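Enquirer: Input: one structure, supplied below.
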Amino acid sequence: MSIAEAPIAAKPKAVVETPFRRFASEYLESRVAAFALGLMMVLIGLAVLAPWITPQNPYDLAQVDVLDSRLPPGTKSSGNYTHWLGTDGAGRDLLSAMIYGLRISLIVGVMSGLIAMIVGTAVGMTAAYTGGRVENLIMRIVDLQLSFPAILLALMLIAVLGKGIDKIIIALVTVQWAYYARTVRGTALVEARKEYVEAARCLGLSSPRILFKHILPNCIAPLIVVATVQTAHAIALEATLSFLGVGLPQTEPSLGLLISNGFEYMLSGKYWISFFPGLVLLVTIVAINLVGDQLRDVLNPRLKR
Amino acid sequence: MIKFRQIGQISAAIFGLAIGAAAPLMAEDLKIGLAAEPSAMDPHFHNLTPNNALLSHIFERLVETDPAGKLVPGLAESWKVLDGNIWEFKLRAGVKWHDGAPFTADDVVFTFERAPNVPNSPSSFASSIKGKTLKKIDDLTIQVSTPAPAPLLPTELTNLLIVSKKSGDGAKTEDYNSGKAAVGTGPFKFGSFVPGDKIEMVKNPDYWGTKAAYDKVTFKPIKAGPARVAALLAGDVDIIDDVPTADIERLKKEPKISLSQGVSNRVIYFHMDQFREETPFIKAKDGSAIKNPLRDKRVRLALSKAINRDAIVSRVMEGVALPAGQFLADQFFGVSAKVKPVPFDLEGAKKLLTEAGFPNGFKMTLHGPNGRYTNDVKIAEAVAQMLTRLGIETSIETLPPAVFFTRASAGAAGLPEFSFILVGWSSDTSETSGSLKPLVGTFDKDKGTGTANRGRYSNAQVDQLTADALATVDDVKRAALLSQAVELAMDDVAIIPSHYPINTWGAKKGLKIAARSNEYTLVMGVTKD
Amino acid sequence: MTAFVLRRLTQSIGVVFVMSLIVFFGVHVVGDPVYMLINPQADQKDIEAAIKALGLDRPIWEQYWHFLTGALRGDLGRSFIFGESALKVIVQRMPATIELALTAVTMAVVFGIPLGLYAGLKPEGVFSKIIMAGSIVGFSLPTFWVGLMLIMVFAVILGWLPSTGRGETATYLGITSSLFTLNGLSHILLPALNLALLKISLVIRLTRAGTREAIHQDYIKFARAKGLSNRRVVGVHLLKNILIPVVTVLGLEFGNLVAFSVVTETIFSWPGMGKLLIQAIQSLDRPVIVAYLILIVLMFVVINLVVDVLYSILDPRVRLGEGSA
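See the structure below:
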């Protein structure tokens, strides 16, 4: 009796296991991924709390003094606090500028990555599933988009709209959605012709249902690979656009812009101006990718053993 | 350890794969890394510094300039003014073109015909020829006449490279690029031109003057500043121009590098909208429209006083600039000894602003190009900080030059679009008339004055003094007129000068290159020690 | 198949037309090239003369019509900067870029696929973890930063490789390339590596993801059950299946390398098309930009076509032109 009762007593606990819990515990199986998630939380926290934790508001020109420019790490500032990581060429406290910059980089990277992924996936799936003229048209637009240089697009946007974070996001989305579309279509094309889709069709399931319930989950693995790479790429691309002079406004620098500002100091021995922002950018992107990797493994139905 | 690079060169030479490495051992080569890329080998295609400088090695001018900008004889041995409107030039005898033909007055006549008429030229030499009538007296004498006295005529000819009639007749830009027509009289002959990659020149052994010290010179465009410095440090090039200010401190300590520096004929300054009643990028702090404060001299002076020029020079330009008070640095022609840089005086500036009726300041956008002038973005940022301290809430918008210059010169409705801009100006004649006329002269299409007057400052007295000076052949009198005009314009705060940049060249140890005020990088100025 | 290819090419004409339209008007909106190109000393009349010389005085529609009629005759206009045929200016620089892109893609395949396979087959191994961490670093840092670091380390500090520029060229089988000389190879290594880093990372990740997924699938289990050697299972069955996304992405990436190696070519002053493009964009050299992008569109169309055809070869389940495509 007692032997039989034990499992029954344990059962209520098992019922409490929601899909989220299962997902969470699967995710946390990897200690590295758990650490990366924690790191990402810290970074996001820093970015959100920037105005309250930084010694200086780097956007307030009255607080930034060019007389403090290029000070090495650990120097006392004219404003009576210590520049722990030094200052950049305009006299911004690097630590403050980096935390504010992190915020901008994250917004730019995540927003543009997310929007591009949604647009690209929708377009790619539509193309793969509908076929015919619509697919042709869509794929030719993709061709067009892939051949359009980001810098020219950014330059046109600046000429028409001026500089700004929203403009950069528009530019990055316009550049990136095509990659998602192309990848999703490629994978979906393979999936759409598999037996299970045919079976679903025979069962009379609706097209959207087949698309989202059956084909989409199978496109997720390559999609997440592209997404993590592209989000990281978006942050780096923003840096490159800034480097080419068509990026963000100078007085509100992102991590990428800070690195690009530091470019000219790389040979001069003033390593900190581009090194510290570079380091934070690296850590951020590594964290995003580790989280992305684990998510992919957990979400992928075909990796379930 | 043999380095890979050496292995490459050695084996390339052994297998005869490469032409460059197979040159005779005694040959002296020189490699130069250039910041700006020359676009053509046709000396009359594009009237811009990178081309004019590079082609000075192959072609020559009637009148040349020394590093400081003073006139020296070139293909013309001497010149004099006959009466106010006619200049006579004696051409140098015994000069031969690279193809062996003798240089005569016919070549000069041909050049005057060709230079303004090169098809598709994005910036033609018509301006150097304009108003000049050429007359050949004999094979070695020419006379140039102008409708009005032209004291600057010899100076204007320092921009015009003389080409051979024999090779140049009917030649297109393509023929110069291929080398077919690129026949000059200079110390170097055309070697090869690979657009975007390199330009090679070889020594002209029959040169009439001091023969070149190098058998072969290769020019390589290396646009990115740090990469140019790296190429010099790695020994891939022997000389670079436009050393970034950030690297100078380190390069000074580097034992294998020597630097040369010279003040350029450029001034970095701020232009202010002085022609609109309301200016688009100045608002009250609450965002409401106000009348254009920049039309008030007191406000302009306040802005000028609030700019800490010493800080810009020491912190932004890292010491390689001079604080500016007028259009050109002290050693140039036509400057005023009385005009000094406006000293930094924040309290005085605040007082002036209050007097002008803006005790609480206003909101302003400072526009500037990014990547056109040395450290332009950083200067804009620094000045925005300084003006913010004055109580003028300044935001900056730095735009790609392609966007900036169109809008700053002829934006909406064909008028300058911005209120307060950062720009630079170099006087190609190295005298203040070359700045006064285009920058602060009244904007007038027919007279050709005020071409770059993006603030539309206008002062009849300044206009008159400038015009008088430009018609005065006597140097002493002209200088007096010019300095008077400078004083007037500066007293009005027509523009706010910031600083005169100092140009820096880098060379490997044992070489030294002459720093030229016109920013030309010339092999003729390279000396060995 | 032929009908499919033909139809695709016809559609591309439309794409090219749309591209030329967008670029033509887009560049017009950005600014006036004359203000970039003209000597600052020029007066108002000189400026007007230059605007006229470049044909910019006429209404934009007329300019476009002029361009279009020229294009139909194969004349894409003259570069404003160089005064020569835009097409010639671009084609001159093409070999340098293609050899750079080929080297980079080769590096990506040679390093990326084996490392990715290893990491996919032994996901828990320490070496795999190092590979994956390294691959993240590969695309985290901006190209310009990595490029200058490479120059600093390998050219300035160690002095092993030349810092910038293209090396000597040699002609072999009618092809002139710097890949045929040792000097040329020593010059290409750093810029190619700079470009390849991102691609290597991408290939590693795609290969690993594909591998991890494939090893759980029936056909691999079946192949193993049949007693095929591990080498054959991995080398033939597995590789063939994971190559699909890799080929898609590499195809596009190759196109990208040819078209937009802007930053690397600028940092390393590599005399290729990317450096030309950035110069043309910065000076608003419209004829070059338009001609360039038309060529690039055509190239991408061809690449996509090849990728689609390869799809059908690599994966027989995909049939070309089946009611679509």
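Chains as they are written, first to last, in the numbering used here: chain A, 1 to 305; chain B, 1001 to 1529; chain C, 2001 to 2325.
Just so it is clear, CB atoms sit at the ideal spot from N, CA and C, and this is done for glycine as well.
It should be emphasised that the depicted structure is a prediction, and the values quoted were computed from it without experimental measurement.
1. Thinking C-alpha only, which one of A/Thr-183, A/Val-280 and A/Thr-231 is nearest C/Val-2246?
2. Just to confirm before moving on: does the CB-CB distance between B/Ile-1392 and B/Glu-1381 stay below 8 Å?
3. Considering only the beta carbon of each residue, do B/Met-1041 and B/Asn-1177 sit closer than 8 Å?
4. With contact counted as at least three CB pairs below 8 Å, one residue from each stretch, are the segment 1409–1428 of chain B and the segment 1362–1370 of chain B in contact?
5. Using C-beta distances below 8 Å, list every residue in its chain close to C/Ser-2012, excluding the 5 sequence neighbours before and after it, in chain order.
6. What residues are listed by DSSP as bridge partners for B/Ser-1078?
7. Within 8 Å (strictly less), CB to CB, does A/Arg-70 reach chain C?
8. Tell me which residues share the same chain as C/Thr-2164 and place their Cβ nearer than 6 Å to its Cβ, disregarding the 5 neighbours each side in the sequence.
9. With a threshold of 6 Å on Cβ separation, who are the neighbours of B/Leu-1465 within its own chain once the five nearest residues in sequence on each side are excluded?
10. For a test of the three-state rule: what should DSSP assign to B/Phe-1270, helix, strand or coil?
11. If you draw a straight line from the alpha carbon of A/Gln-145 to that of A/Thr-174, how long is it in whole angstroms?
12. With three or more beta-carbon pairs closer than 8 Å as the criterion, would you say the segment 1520–1528 of chain B touches the segment 1203–1222 of chain B?
13. Residue range of the beta strand (DSSP E) that C/Met-2149 falls in?
14. Buried or exposed: which applies to C/Ala-2108, given that a residue is buried once 16 or more other Cβ atoms fall within 10 Å of its Cβ?
15. Could you list which residues in chain B have their beta carbon closer than 7 Å to that of C/Asn-2039, in chain order?
16. Using a Cβ-Cβ cutoff of 8 Å, what residues of the segment 262–292 of chain A are near chain B? List them in chain order.
17. Please identify, using Cβ separations under 7 Å, the residues of the segment 50–63 of chain A that lie next to chain B, in order along the chain.
18. Measure the CB-CB distance between B/Ser-1124 and B/Val-1118 and report whether it falls below 8 Å.
19. Is the beta carbon of B/Trp-1087 closer than 8 Å to that of B/Leu-1160?
20. Do you know how far the Cα of C/Met-2132 is from the Cα of C/Lys-2122?
21. Which residue comes first and which comes last in the beta strand (DSSP E) that contains B/Gly-1064?
22. Comparing alpha-carbon positions, which option in C/Leu-2276, C/Ala-2196, C/Val-2005 and C/Ile-2289 lies nearest C/Phe-2139?
23. Under 8 Å, Cβ to Cβ, is there at least one residue of chain C near B/Pro-1401?
24. Please go through the segment 16–92 of chain A and give each complete alpha helix (DSSP H) segment of 4 or more residues, from N-terminal end onward.
25. I'd like to know whether the C-beta of A/Ile-115 is nearer than 8 Å to at least one C-beta of chain B.
26. Is there at least one Cβ from chain E nearer than 8 Å to A/Ser-78's Cβ?
27. Taking beta-carbon pairs under 7 Å, can you tell me which members of the segment 1311–1334 of chain B lie near chain A?
28. Looking at chain B, is there any beta carbon in it that lies within less than 8 Å of the beta carbon of C/Gly-2323?
29. DSSP three-state label for B/Asn-1143, please.
30. Using a Cβ cut-off of 8 Å (strictly closer), state whether A/Asp-166 contacts chain B.
31. Candidates B/Ala-1402, B/Asp-1236 and B/Gly-1191: which alpha carbon is nearest C/Asp-2285's?
32. Pick out whichever of A/Ser-30, A/Leu-39, A/Ala-24 and A/Arg-31 has its Cα sitting closest to the Cα of A/Leu-282.
33. Using the C-alpha atoms, what's the distance from B/Lys-1447 back to B/Lys-1338?
34. Measure the Cβ-Cβ separation of B/Ala-1471 and B/Ala-1148 and say whether it is below 8 Å.
35. Of all Cβ atoms in chain B, is any one closer than 8 Å to the Cβ of C/Phe-2025?
36. Please report the Cβ distance between B/Thr-1531 and B/Gly-1334, rounded to the nearest whole angstrom; I am assuming they are in contact, meaning their Cβ atoms lie under 8 Å.
Expert: Once the coordinates are examined:
1. On the third sequence, residue 2246 of chain C is found 246 positions in, with the first residue counted as 1. Ranking A/Thr-183, A/Val-280 and A/Thr-231 by Cα distance to C/Val-2246 puts A/Thr-183 first.
2. One-based indexing of the second sequence puts residue 1392 of chain B at position 392. One-based indexing of the second sequence puts residue 1381 of chain B at position 381. Cβ distance not < 8 Å, so B/Ile-1392 and B/Glu-1381 don't count as in contact.
3. In the second sequence, counting from the first residue as 1, residue 1041 of chain B sits at position 41. In the second sequence, counting from the first residue as 1, residue 1177 of chain B sits at position 177. Yes, the Cβ-Cβ distance between B/Met-1041 and B/Asn-1177 is below 8 Å.
4. yes
5. Stepping through the third sequence from its first residue, residue 2012 of chain C is reached at position 12. Same-chain partners within the cutoff: Val-2297, Leu-2298 and Val-2301.
6. The count along the second sequence starts at 1 and reaches residue 1078 of chain B at position 78. DSSP, once it has assigned bridges, lists B/Lys-1090 as partnering B/Ser-1078.
7. Position 70 of the first sequence, counting from 1, holds the residue named residue 70 of chain A. Judged by the 8 Å Cβ criterion, A/Arg-70 is not in contact with chain C.
8. In the third sequence, residue 2164 of chain C corresponds to position 164, counting from 1. Contacts found: Phe-2268 and Ser-2269.
9. Numbered from its first residue, the second sequence carries residue 1465 of chain B at position 465. Leu-1481, Gln-1484 and Ala-1485.
10. By one-based count along the second sequence, residue 1270 of chain B stands at place 270. If DSSP states are grouped into helix, strand and coil, B/Phe-1270 belongs with the strands.
11. Position 145 of the first sequence holds residue 145 of chain A. Position 174 of the first sequence holds residue 174 of chain A. Approximately 8 Å, taken between the alpha carbons.
12. yes
13. Taking the third sequence and counting its residues from 1, the one referred to as residue 2149 of chain C is at position 149. From DSSP, C/Met-2149 is part of no beta strand (DSSP E) but of the alpha helix (DSSP H) over 2143–2150.
14. The residue you call residue 2108 of chain C lines up with position 108 of the third sequence. It counts as buried.
15. The sequence position of residue 2039 of chain C within the third sequence is 39, counting from 1. Within 7 Å Cβ-Cβ: Asn-1047, Leu-1048 and Ser-1123.
16. Phe-263, Glu-264, Tyr-265, Met-266, Leu-267, Ser-268, Gly-269 and Lys-270
17. Leu-61 and Ala-62
18. The sequence position of residue 1124 of chain B within the second sequence is 124, counting from 1. The sequence position of residue 1118 of chain B within the second sequence is 118, counting from 1. It is a contact, given that the beta carbons lie within the stated cut-off.
19. Counted from its first residue, the second sequence places residue 1160 of chain B at position 160. Counted from its first residue, the second sequence places residue 1087 of chain B at position 87. Not a contact, by the Cβ cut-off of 8 Å.
20. Within the third sequence, the letter at position 122 stands for residue 2122 of chain C. Within the third sequence, the letter at position 132 stands for residue 2132 of chain C. One C-alpha to the other measures close to 12 Å.
21. Counted from its first residue, the second sequence places residue 1064 of chain B at position 64. Looking at the sequence shown, residue 1064 of chain B is not Gly but Glu. Note, B/Glu-1064: beta strand (DSSP E), 1063–1065.
22. The count along the third sequence starts at 1 and reaches residue 2139 of chain C at position 139. Answer by Cα proximity: C/Ala-2196.
23. Here residue 1401 of chain B corresponds to residue number 401 of the second sequence, with the count starting at 1. Taking Cβ atoms only, chain C reaches closer than 8 Å to B/Pro-1401, which makes this a yes.
24. 19–27 and 31–53
25. Here residue 115 of chain A refers to the residue found at position 115 of the first sequence. Not one chain B Cβ lies under 8 Å of A/Ile-115.
26. The chain labelled as chain E is not found among the protein chains of the depicted structure, namely A, B and C.
27. Ala-1311, Arg-1315 and Val-1316
28. The count along the third sequence starts at 1 and reaches residue 2323 of chain C at position 323. In this prediction, C/Gly-2323 scores a pLDDT of 37, lower than 50, which makes its location untrustworthy; no coordinate-derived value is stated.
29. Here residue 1143 of chain B refers to the residue found at position 143 when the second sequence is read from its first residue. Strictly speaking, residue 1143 of chain B in this sequence is Gln, with Asn absent from that position. Three-state result, B/Gln-1143: strand.
30. Walking along the first sequence from the start, residue 166 of chain A turns up at place 166. Chain B, which has no Cβ nearer than 8 Å to the Cβ of A/Asp-166, makes this no.
31. Locating residue 2285 of chain C in the third sequence gives position 285, counting from the first residue. Among B/Ala-1402, B/Asp-1236 and B/Gly-1191, the Cα nearest to that of C/Asp-2285 is on B/Ala-1402.
32. Here the question's residue 282 of chain A lines up with position 282 in the first sequence. Minimum Cα distance to A/Leu-282 is reached at A/Leu-39.
33. As a first step, residue 1338 of chain B is located in the second sequence; it is residue number 338 there, counting from the start. As a first step, residue 1447 of chain B is located in the second sequence; it is residue number 447 there, counting from the start. Taking the straight line joining both Cα atoms gives about 29 Å.
34. Translated into positions along the second sequence, residue 1471 of chain B becomes position 471. Translated into positions along the second sequence, residue 1148 of chain B becomes position 148. Contact: yes.
35. The residue given as residue 2025 of chain C occupies position 25 in the third sequence. Judged by the 8 Å Cβ criterion, C/Phe-2025 is not in contact with chain B.
36. Coverage of chain B is limited to positions 1001 through 1529, which leaves residue 1531 of chain B absent and any answer about it impossible.
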